[in-house]
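For any residue, its number in my numbering is found by taking its place in the sequence shown, counting from 1, and adding 622. Data block below; observations after.
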Amino acid sequence: MKNDSYPAKEKQSNKQKKKEKSHLSLGAEMAGEWTSWFNVDHPGGEGDFETLEAIRFYYRERVCAQPTAIQARTTEWELPEEVGEVVRYSPQEGFRCLNREQPGGKTCSNYHVRFLCPIDPFHWLGWSSWSAWSTCSRTACGVSGTRTRHRSCLNSSPLASAQLLKCRGKSAERQACTTGPCQEPKWSSWGPWSPCSKTCGSGGKRVRRRSCPKSKLLRCVGRPSEVQKCSQTPCPACQLSCNTGIPNKDCSSCTCPKHTLFGTVQTADGMALANARISLTDRPMSVLAQSDHQGHFTIRGICADSGANISVTLEHFAQDSTPVIGNSSWTSRVEIMLQRLEKPYMVAHPESKVRMTGQKVRFCCQAQGVPEPQKYYWYHNGTLLDRKVKKYDSSLVLHDLKPHQAGSYHCKASNGHGSIKSTVAHLTVIDPEVPSCVSQPEEYLIRLPEECSQEGTGSSFYNVGHCSNTRCAGHLADALQCRDASEHCCGTLRMEVREVPCTGYVLPIKVVTECGCTSCTQPKILVRGKASAVDDGEPLRFGEIYLGAEKIGFTGYKGTFTIEVPPDTPRLVVKFVDRLKKFVDTVKVFPFDQRGGAIYQDVRLMRRKKPVDLEAMETNVIPLGEVDGEGPVGEVIIPPRSFFRSNGQAYNGTVKASVTFVDPRDMATVTAASSDLNFINDEGDLLPLRTYGMFSMDFWEDENRQGLEMGKVKVKMDAELIKMPEHLQKMKLWSLNPVTGLWEEESSFRLVKENRRKREERAFLIGNLEIRERRLFNLDVPENRRCFVKIRAYINEKFNPSEQMEGIVITLINLEPRPGYPSNPQAWGRFDSVVTGPNGACLPAFCDGQRADAYTAYVTATMGGEELEAVQSSPKLNPRDVGVSQPYLNKLGYQRSDHADSALKKTAFKINLAKPNPNNIDETNGPIYPYRNLKDCEEAPVTANHFRFYRVEVDKYEYNVVPFKESDLTTWTGDYLSWWPNPQEFRACYVKVKINGPQEYMVRSRNVGGTHPRTRGQLYGFRDTRSVRDLEIYNSSAACVEFKCSGMLFDQELVDRTLVSIIPQGSCRRTAINNYLREYLGRHPPVVENNDTSAFSMLGPVDPLGHNYGIYTVTDQNPRLAKEIAIGRCFDGTSDGFSREMRSNKGVALTFTCQEKPVGRKSFFQRLLETPSQALTEIRREMRDNEQLRGPSRVVPYPSRLRTMFATPTRRTPSRRRRVDAAQA
């Protein structure tokens, strides 16, 4: 690359000015035309690179083939010489500024460049002459501003010839300008000489200093200090007295020539550390010894028990020191354990709080790292608080709160090796006169049963009210605690029972009438799932589970696991370890719902690569690449004599090596990738990485399978596979911290060209890696082109805004830009998962503002292992269903996974990640938001553009007398008639009802209090469910009907056995009852008589019966997940399986036979609707003998036309409902 000097550059600039002044002449016009300004790179890493190759990649049509000149300016419109930076540029190569070449340790500014291109002079004939330059925009001395001038295109005038082309070039130009240089700063007078560093003898020095006024633009010429030799006076005889030993040569300390210090340097797990530097603590620059490969070192002359301390330093490890204590008169031994340097990470985050004006509050955070973080900084609304004023450390105390102190607070911790920021806590300061909880309930509409409606309005919706989910002010006793001892939230204080008229009966309903501050509901937060192999689904049996550094349990025989999330955990890092060494250790960062409940995660593990034999005395090359028919991404080169035992002894025999590579060219490996591909930058911010592959390495002895350690290795990567020019400069080698789940930089790469074959030159990226512990390694680049994608999940495909689903895990996989991996353009580069909340989810993704298809994404949604369905894109794309308006939808290229092949799954979609154009109004309303607009994405109204998923659900209806929103556990109300009596634990119960008949039939369960004195005879609620056909049995279907489980009510004092009535629609009669269920009910009286064969009644079992009884019970911390697992088992007819294909002859509790009624014969439901008194009399007669109950419990089936609650036909078919894997409760 050409390196122009500044004088030459100035000369070129003067020539250019002369050309600009002669634009009236044709010759000057033929000189060329300047392009627009380009800025494709940002300073960081090694510097700022605006190469012509990279600019052509993004702006292919805007740069000519052979530019004749180049100009460069900073984004502040300053020339390189004005900011004192060394740069290199040429019109053939472009521009670069290297940090290592800058004087005084400076870093490069952010530059943009433009090129001069030759053009056809015919295109210039139509320009008028340039106007005069405008005045300079900046008037301060030494500050660069801009001035402009204009010209007009004569070709566009009415008198111009029609054959003239449109003028090429720009109608305006701008130029840097300044009002003049500032006065040059001058040095102050020299200060006095300091005392001599030595009082006698040679080698002493003294110094004097001077100062220069601060200036951003100009600096004083010369040095700020001078050093001079001093003190040539001979020293007197040494007067040092030594208890042991003799004085050393310079009489500074005592030495014992006959004493020997033996030492060992190792890690905490016993691995020897070589090349550690040993010195006296008070003389760190004087290295006395270095440790060998076994970690041993020897020092002679240090006296034992003299109070001397030795320090040990080693690259990538924290310094440590120890005193020298004698073991005998002539020898001493020390053992020093070094800890690997670790960037700080947060273990305690500040908590959001609510206070009243005048109260006080404390925010706390705590970080760990090596060394331990000592510096903490606190920020309010992003502004650093003054430590001297606020007097904070790891905690921040605010007294006498005022409204202006409300807002966001976070801390930053630093340990010299790095920084980390905490999550943001919010402080709400309210006026004592304004209640923190409004007593008037907010509107909350529920759907009434089909046969019910409000009087007067006829509406099928009823406002039951609910209280806002806000925090109340803490008590004074909790004011200065890091965490408030008791939290209070706005909740229900009073409810009233209302009655809604229905056809043939009156429906009771409880509504909220008063809200107030009560104790907050504290639901548990769980992550459930299954760990299995990515290739064949083999479960990880009894694998170890680590939460951070602590082992918390094991996976089950089928690979299942349940993890309770500790309080105040913002980032859940979990490691799975296979003790049998069949699978690679895997670290996962799980998203979860902060408000409580359970999330299901399907964990996939990479199988360890089959080991190969290596010879320790030879150079070994291990390829990195797992795609058939493709060359490797890179290779690991191991030099001879690189293997050591844990004690540091060299190993020269045969080595068993297993190197497992996660290849992003294979889409199937994305689910097995570890962590979430994030790192912490120097400022403590969490930033994303884009991977080119991950690998783990294991080495052991051939004979006894003892693990081996390894020294430095070389990692080589094929540069031909990296088609994004800026990635070549930014590529680094990273390792995964298994405790924090964050990637840490290990080394950089350098570009090297090698001759592989005759006349063939290839470019490679080469980096060095020193392996000191077992970690996962990564070939990654930081990526700053980021956006957020808005996604919502709905209960059904009606996409009702009030029927959004929360707790859904949305996963977005970034796919490789089209220029990369030419043989497989669908390689993945990153993945992210987010849990939907009440307003959907915003997923981070890489995006591009120049090319719509530069980055694409593959998006899925799961709940309890079940995949939700995406909106169809073929045969016709409906923007209203997709949720994104045109023409932006066409630019995003939305396609469901079955777009080209209807046989594929319908549970994912792919889009172009086109960064929105802020000047295009069609692209400013979502569904893709710039990265800085996260708040706009999170707070976007439901009417804004967004992508959609929905559940393919059978016709069903659920009604609770005490309303409860299952997606928001904080809406739970403690009431005797609550369907779910315990917000900490949700128990779902289902009964499987088989229907023999030609159709699908609605089945209702009616649930009333059975044995509890407070609820006997009172309605809890009911459920309507349509049966699902068995595709293998003719005229057979089955329904999995939910009923209220028997058990303790919310007061946890007495058990209530729910009186459950199962009533199918139509002309149906009961033909069979499960024998085990009949016997169980007989052994647990009282027994409900069942004389009416058109229904079935029972007192619900207290015990969790299984498929042998046709009863399916699952307990979980998430009601929806508990129901999903129970339904899956019910469909499958087993107690531990899962299916979405109905098996009507397995695990059945009740069997009904339904038929089309003969002409003139009325069904039971019709008789109940037309003559309710006669129908009720028949029921009373059939239930007459039920006297053994402690209270009257009558089975009065609530009539219903029980037509489908939705306009769409039944959708539960094998091809429409998919399951990722069997869930285990």
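Each residue gets a CB set at the ideal place from its N, CA and C atoms; glycine is no exception.
Grouping DSSP H, G and I as helix and E and B as strand, with all else coil, what is Tyr1702?
Residue 1702 sits at position 1080 when you count from the first residue of the sequence shown. DSSP, reduced to helix, strand and coil, places Tyr1702 within a helical segment of the structure shown.
Need the endpoints of the beta strand (DSSP E) that Leu1350 sits in, please.
Here residue 1350 refers to the residue found at position 728 when the sequence shown is read from its first residue. Taken as a continuous stretch (DSSP letters only), Leu1350 belongs to no beta strand (DSSP E), being part of the alpha helix (DSSP H) at 1347-1352.
Residues sharing a beta bridge with Lys965, DSSP
One-based indexing of the sequence shown puts residue 965 at position 343. Looking at the DSSP assignment, Lys965 forms no beta bridge with any residue, so it has no partner.
3 or more residues per run - each beta strand (DSSP E) lying fully within the stretch 700-768
Runs of beta strand (DSSP E) with 3 or more residues, each lying fully within the stretch 700-768, are found at 710-712, 716-720, 733-739, listed in chain order.
Threshold first: 4 residues or longer. Then list the alpha helix (DSSP H) segments lying entirely within the stretch 1189-1251, N to C.
The DSSP assignment places no complete alpha helix (DSSP H) segment of no fewer than 4 residues inside the stretch 1189-1251.
Measuring only the C-alpha atoms, how far is Met1827 from Ser1761?
Position 1205 of the sequence shown, counted from the first residue, corresponds to residue 1827. Position 1139 of the sequence shown, counted from the first residue, corresponds to residue 1761. The predicted model places Met1827 with a pLDDT of 29, which falls under 50 and marks its position as unreliable; any figure quoted below should be read in that light. Each residue's Cα considered, the two are about 24 Å apart.
Span separating the alpha-carbon of Phe1672 from that of Met968
Within the sequence shown, numbered from 1, the residue matching residue 1672 stands at position 1050. Within the sequence shown, numbered from 1, the residue matching residue 968 stands at position 346. So the two alpha carbons sit approximately 38 Å from each other.
Is the beta carbon of Val934 closer than 8 Å to that of Ala898?
Mapped onto the sequence shown, residue 898 falls at position 276. Mapped onto the sequence shown, residue 934 falls at position 312. A distance below 8 Å separates the beta carbons of Ala898 and Val934.
C-beta contact flag for Lys1399 and Val1292 at 8 Å
For the purposes of this step, residue 1399 is identified with residue 777 of the sequence shown, where counting begins at 1. For the purposes of this step, residue 1292 is identified with residue 670 of the sequence shown, where counting begins at 1. The question names Lys, but residue 1399 in the sequence shown is Phe. Remark: C-beta atoms of Phe1399 and Val1292 do not approach each other more closely than 8 Å.
Exposed or buried, Lys1232, counting other C-beta atoms within 10 Å across all chains shown (16 or more means buried)?
The residue given as residue 1232 occupies position 610 in the sequence shown. Burial call: exposed.
So, is Val976 buried or exposed, given that buried needs 16 or more other C-beta atoms within 10 angstroms?
Position 354 of the sequence shown, counted from the start, is the residue given in the question as residue 976. So Val976 ends up on the buried side.
Over what stretch of residues does the beta strand (DSSP E) that includes Tyr1612 continue unbroken?
Numbered from its first residue, the sequence shown carries residue 1612 at position 990. Segment 1608-1618, the beta strand (DSSP E) holding Tyr1612.
To the nearest angstrom, report how far apart Tyr1572 and Lys1745 are at their CA atoms.
Counting from one through the sequence shown, the residue named residue 1572 turns up at place 950. Counting from one through the sequence shown, the residue named residue 1745 turns up at place 1123. Rounded to whole angstroms, Tyr1572 to Lys1745 spans 17 Å at the Cα level.
Span separating the alpha-carbon of Ala754 from that of Arg773
By 1-based counting over the sequence shown, the position of residue 754 is 132. By 1-based counting over the sequence shown, the position of residue 773 is 151. Cα-Cα distance, rounded: 10 Å.
Under the three-state reduction of DSSP, which class applies to Cys1861: helix, strand or coil?
Since the first residue of the chain shown is 623 and the last is 1847, residue 1861 is not available in this structure.
May I ask you to report which of helix, strand or coil DSSP gives Thr1045?
On the sequence shown, residue 1045 is found 423 positions in, with the first residue counted as 1. Coil.
Distance between Asp1298 and Pro1552 (C-alpha atoms, nearest Å)
Counting from one through the sequence shown, the residue named residue 1552 turns up at place 930. Counting from one through the sequence shown, the residue named residue 1298 turns up at place 676. A direct Cα-to-Cα measurement between Pro1552 and Asp1298 gives close to 21 Å.
Please state whether DSSP places Asp1558 in a helix, a strand or coil.
Counting from one through the sequence shown, the residue named residue 1558 turns up at place 936. Of the three classes helix, strand and coil, the one that applies to Asp1558 here is helix, per DSSP.
For the ligand GTP, I want to know if Glu1065 counts as a neighbour, meaning its beta carbon is within less than 7 Å of at least one of the ligand's heavy atoms.
In terms of ligand content, the structure shown is empty, and the ligand GTP therefore cannot be addressed.
Secondary structure, alpha helix (DSSP H): runs of 4+ residues fully inside the stretch 1298-1376:
For secondary structure counted as the alpha helix (DSSP H) over 4 or more consecutive residues, the stretch 1298-1376 holds these complete runs in sequence order: 1347-1352.
Per DSSP, what kind of secondary structure is Asp1807 in: helix, strand or coil?
Stepping through the sequence shown from its first residue, residue 1807 is reached at position 1185. With a pLDDT of 38 at Asp1807, under the threshold of 50, the modelled position of that residue is not reliable, and no figure is offered here.
On the premise that Val1225 lies in contact with Val1187, defined as a C-beta separation below 8 Å, what is that separation, rounded to the nearest angstrom?
For this step, residue 1187 is matched to residue 565 along the sequence shown. For this step, residue 1225 is matched to residue 603 along the sequence shown. Not a contact, Cβ separation roughly 16 Å.
If Ala1279 sits next to Phe1317, beta carbons under 8 Å apart, how far is it from one beta carbon to the other, in whole angstroms?
For the purposes of this step, residue 1279 is taken as residue 657 along the sequence shown, with counting starting at 1. For the purposes of this step, residue 1317 is taken as residue 695 along the sequence shown, with counting starting at 1. Not really, about 12 Å apart at Cβ, beyond 8 Å.
For Phe1083, count neighbouring Cβ atoms within 10 angstroms of its own Cβ and tell me buried if that reaches 16, exposed if not.
Numbered from 1 along the sequence shown, position 461 holds the residue referred to as residue 1083. Taking every protein chain shown into account, the CB of Phe1083 has fewer than 16 other CB atoms within 10 angstroms, so this residue is exposed.
Pull up the CB-CB distance for Pro1585 and Trp1594, whole angstroms please, since I reckon it's below 8 Å.
Indexing the sequence shown from 1 puts residue 1585 at position 963. Indexing the sequence shown from 1 puts residue 1594 at position 972. Rounded, the Cβ-Cβ distance is 10 Å, inconsistent with contact.
What are the boundary residues of the beta strand (DSSP E) that Tyr680 is part of?
As a first step, residue 680 is located in the sequence shown; it is residue number 58 there, counting from the start. Segment 674-680 is the alpha helix (DSSP H) holding Tyr680; no beta strand (DSSP E) there.
Quick check on Ile1747: does DSSP put it in helix, strand or coil?
Residue mapping note: residue 1747 aligns to position 1125 of the sequence shown, counting from 1. Judged by DSSP in its simplified three-state form, Ile1747 adopts helix.
I'd like to know whether the C-beta atoms of Gly1087 and Glu1121 end up nearer to each other than 8 Å.
One-based indexing of the sequence shown puts residue 1087 at position 465. One-based indexing of the sequence shown puts residue 1121 at position 499. Going by C-beta atoms, Gly1087 is not nearer than 8 Å to Glu1121.
Closest by CA to Arg1502, which one among Lys1420, Glu1257, Arg1705?
On the sequence shown, position 880 is the one that residue 1502 refers to. Among Lys1420, Glu1257, Arg1705, the Cα nearest to that of Arg1502 belongs to Lys1420.
Nearest residue (CA-CA) to Cys739, options Leu1727, Thr690, Phe671, Tyr711:
One-based indexing of the sequence shown puts residue 739 at position 117. Looking at the Cα atoms, Thr690 is the closest of the given residues.
Cα-Cα, which of Thr1680, Gly1722, Thr1135 is closest to Gly1639?
Here residue 1639 refers to the residue found at position 1017 when the sequence shown is read from its first residue. Answer by Cα proximity: Thr1680.
Where Lys1666 sits in the DSSP three-state scheme:
Position 1044 of the sequence shown, counting from 1, holds the residue named residue 1666. It is coil, neither helix nor strand.
Quick one: Cα of Glu1425 to Cα of Gly1175, how far?
As a working note, residue 1425 is residue 803 in the sequence shown. As a working note, residue 1175 is residue 553 in the sequence shown. Cα-Cα distance, rounded: 37 Å.
Do you know whose CA, among Pro972, Ile932, Lys1557, Gln990, lies nearest Tyr1001's CA?
Within the sequence shown, numbered from 1, the residue matching residue 1001 stands at position 379. Nearest option by C-alpha distance: Pro972.
Ends of the beta strand (DSSP E) at Pro1404?
Counting from one through the sequence shown, the residue named residue 1404 turns up at place 782. Segment 1398-1404, the beta strand (DSSP E) holding Pro1404.
Distance check for Gly791 and Lys641, CA to CA, integer angstroms please.
Counted from its first residue, the sequence shown places residue 641 at position 19. Counted from its first residue, the sequence shown places residue 791 at position 169. Reliability of the predicted coordinates at Lys641 is poor, the pLDDT of 35 falling under 50, and no value is obtained from them.
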